[in-house]
Structures are given as structure tokens and as C-alpha cells.
Amino acid sequence: SAKPRTLNTAESFGVAGLSGCLATCCVHPMDVLRIRMQVGSFSGPLDCAKAVVKSEGPKGLYAGLTAGIARQIAYSMPRMGLYTMALKKAESPNFGTKLLLGSACGGVAAVIGVPTEVALVRMAADARAPVAERRNYKNLFDLWGRVAKEEGVGVLWSGTAPTVIRAMLLNAGQLGVYSEAKERIKAATGVTGLVNQAASALISASAAVAMSCPADVIKSRLQNAAPGEYAGIADCFGKLTKTEGIGALWKGSGPAVMKLAPYTVIAFVFLDNLTKVITGKEAM
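Under the numbering used here, the letters of the sequence shown match residues 934 to 1217, in that order.
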């Protein structure tokens, strides 16, 4: 019998990039609220959203969308592309292997994507700074050029360690748990297709946020810090937990789940089904 067709490298990356960009356009406002809540003080997501719309209009919720799209191409495309390819190579992997594969693909992609991550945090946070202190970046390339010129190229990779740690934790949860949940739901209930994909995506998004939120909070603080504010990850962790308590490490986890859950559902359902249309088999 004919061997089922598999996606080549370019196709795997293309499908992954397309899935990520489509999902991002839908959920970008949640990302803006997540970053604003992590670097500002609001009573909740609704309070934060009202403040943004009041001061900047509805378009404020899409602040930094170009950076968001660039991040999908630089980060989500390789992490999802590499994972779906690795999953095909590993013959019926166990749960531990899936977590490791998700983690490794997330880590590799994160290093490539750090400059877009820095841009995303800066553009989203800049709009809420006092007018006199705003950096007023025109767009992504203006931001990269100015940061490189004014602060040094290395600053574009600021917060690399917590970004990579966060990505490894998040992708172990998001990618690894998604593949495993799909199998377990199918085995337990016989449910396949869209319902299985959506349920698995929701489970994996919750696992991903629970695992990665502390690294995410520290990463946002470091990337948005004034020069010399923190000596490093340990110093930031110490100061944060001392002044705001251990719960502060899960700050913004509400908006993070609200953003990651629909993102995961849209991206993974699209990725699985587009792959199925081309090859006859789901990607994950």
C-alpha cells in the first residue's frame, strides 16, 4: 500500500507559521492586557482593558501587533514546525518523550525569537508610560535599529535565559500535553476530530500557563526594567517575592490562560486539520 504522504520541512514550517499568525490576529488584545497587568497595577483584566480603551481607543488593544506577527514567524513557526517533524520521527513516543520534545523545540525557537519578544514587551508597555518617558517606536524595525544604536545589539537578547526557560516549560505543557491529551481522550471516550482537538488544546493551554507563568513574570520584569534595577534572575525573583509575595509569580495568569486557550485552540486545530487535508493525517 502507498505510504501516507508527510509534509516536507518547508511545508511543516509554512503550515505552522500560518496557524500561528492566524491565531495571533484573533487573540493579540489578551497579550497586550497580560503585559500591561504584569508591569502596571490594575484590579483585573476588565479594569485594564477599560483603561487602555479610554486612553488610546480600541486600537490600543492591538499595540505592537507587527511585533506579535514577527514573533509568530520567528518563534511559533520553528517550535510547531520542529515539534510536528520530531513527533513523526519518534515512533509512538511516550508522554515523557513528548514533554521533552516540546521543551527542546520551544527552547531552540525561543533563542531565535528573543528580539521579537523584546519588541513585543517594549511596544505594549511603551504606550502606558508617561508621555515624557515614552520611547515612541514607529515600528518593529525602528525599534530594533534604535535599541541596537542607543543601547547595544546585546539588549535585543535581554532576558534570553528566562525567555528560554519559559519557552521550554510552556512548550512542554502546550505541545507535549496536547499530543498526550488527544490520545487519552480518544482512548477513554472514542471522541476524535474537532471536539477532541479543542478539548485537548484547552487542557494543554492550562498546563502550559501553570508551568511557565513564574518565568514569564520574571522575564517581563527583566525586559522592562530600568538599567541596573535587577542584578539578574535570582535578584529579580528575590525582590519580587519579598515585596509582593509568592503569588506575584502567577500575576497575569488569568489573562495568560484567556489568551493562550483560544490561541492554542485556533492554532492547533488549524495546524492539525490543514495537515490532514494535505497528508490525510493530523500533525500532532
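Beta carbons: idealized from backbone N, C-alpha and C, even for Gly. Predicted model only: the values in this text are computed from it and were never measured.
- With at least 16 other beta carbons inside 10 angstroms of its own, S1139 counts as buried.
- Going by DSSP, V1124 is part of no alpha helix (DSSP H) at all; its letter is neither H nor E.
- Apart from the 5 residues on each side of it in sequence, L1182 sits with its Cβ closer than 6 angstroms to the Cβ of P1147 and V1150 in its chain, given in chain order.
- Linking A1200 to V1110 through their CA atoms gives a straight-line distance of about 15 angstroms.
- By the C-beta density criterion, S1112 is buried, having at least 16 other C-beta atoms within 10 angstroms.
- Pairwise C-beta distances place the region 1009 to 1024 out of contact with the region 968 to 981, as fewer than three of them are shorter than 8 angstroms.
- For the pair A1000 and L951, the CB atoms are not nearer than the 7 angstroms cut-off.
- A straight line joining the alpha-carbon of F975 with that of C981 spans about 6 angstroms.
- With respect to the C-alpha of Y1070, the residue from A1134, L994, H961 and R1055 having the closest C-alpha is R1055.
- Within the model, the alpha-carbon separation for V1080 versus G1087 is close to 9 angstroms.
- Residues V948, T1208, I1211 and T1212 of the same chain have their beta carbon placed closer than 7 angstroms to that of L940, with the five preceding and five following residues left out of the count.
- The beta carbon of V1051 sits closer than 8 angstroms to those of V1080, V1088, L1089, W1090, S1091, G1092 and Q1156, all from its chain and outside the five residues before and after it, given in chain order.
- Distance between I1118 and Q1130, taken at the CA atoms: about 9 angstroms.
- Counting of Cβ neighbours within 10 angstroms places T942 among the exposed residues, the total staying below 16.
- Sequence-distant partners of L1108 (beyond 5 residues in either direction) whose C-beta falls short of 6 angstroms from its own C-beta, in its chain, are Y1016 and G1035.
- Counted as a single uninterrupted DSSP element, the stretch harbouring W1090 is not any alpha helix (DSSP H), since DSSP gives it neither H nor E.
- Taking C-beta atoms as the reference points, V960 and Y1196 count as a pair closer than 7 angstroms.
- Around the beta-carbon of F1203, 16 or more other beta-carbon atoms lie within 10 Å, marking it buried.
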